[in-house]
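Asker: Numbering (the numbering used here), first residue to last: 194 to 280. Every residue gets a Cβ at the ideal spot worked out from N, C-alpha and C, and that includes glycine.
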Amino acid sequence: VVDLDHSSTKIEATIANIEPGRILVITQIDSGTFGHTVTLTPTGATFDGTNSIATLNAQYEALVLLGISQKRFLILKNYGSVSLSSV
Numbered sequence: 194v195v196d197l198d199h200s201s202t203k204i205e206a207t208i209a210n211i212e213p214g215r216i217l218v219i220t221q222i223d224s225g226t227f228g229h230t231v232t233l234t235p236t237g238a239t240f241d242g243t244n245s246i247a248t249l250n251a252q253y254e255a256l257v258l259l260g261i262s263q264k265r266f267l268i269l270k271n272y273g274s275v276s277l278s279s280v
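Below, the structure written as structure tokens:
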């Protein structure tokens with residue numbers, strides 16, 4: 194579980210490894226609207242086949258992910274409106 198919890202400063206987190214078969218939950222706990230980001234750092238790694246950056250900017254937004262390869266997650270659920278983008 195990756196908890197993004199800082200209401201007065203933007204968090205810029207990275208994920209260096211995707212483990213196939215493992216579930217990962219990324220959630221924003223705080224009430225800030227700074228646009229916390231989580232970036233996948235392995236070259237070519239994506240959340241959805243295209244995008245490597247997730248931006249959370251509201252309390253209780255979350256992504257529930259399943260690692261399907263060392264370069265790819267499958268999004269099981271997007272709670273709220275977590276936005277995805279690429280570098």
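#1: For Thr226 and Gln263, what's the separation of their Cα atoms in angstroms?
#2: Considering Ser278, what are the terminal residues of the beta strand (DSSP E) in which it resides?
#3: Hey, how far is the Cα of Thr202 from the Cα of Gly214?
#4: State the Cα-Cα distance for the pair Gly228 and Phe266, rounded to the nearest angstrom.
#5: Going by the beta-carbon positions, is the gap between Asp241 and Leu277 smaller than 9 Å?
Answerer: This is what the structure gives:
#1: Approximately 31 Å, taken between the alpha carbons.
#2: Looking at the DSSP string, the run of the beta strand (DSSP E) that includes Ser278 is Ser276 to Ser278.
#3: When rounded, the separation of the alpha-carbon atoms in Thr202 and Gly214 is 33 Å.
#4: Approximately 21 Å between the Cα atoms of the pair.
#5: When the beta-carbon positions are compared, Asp241 and Leu277 come within less than 9 Å of each other.
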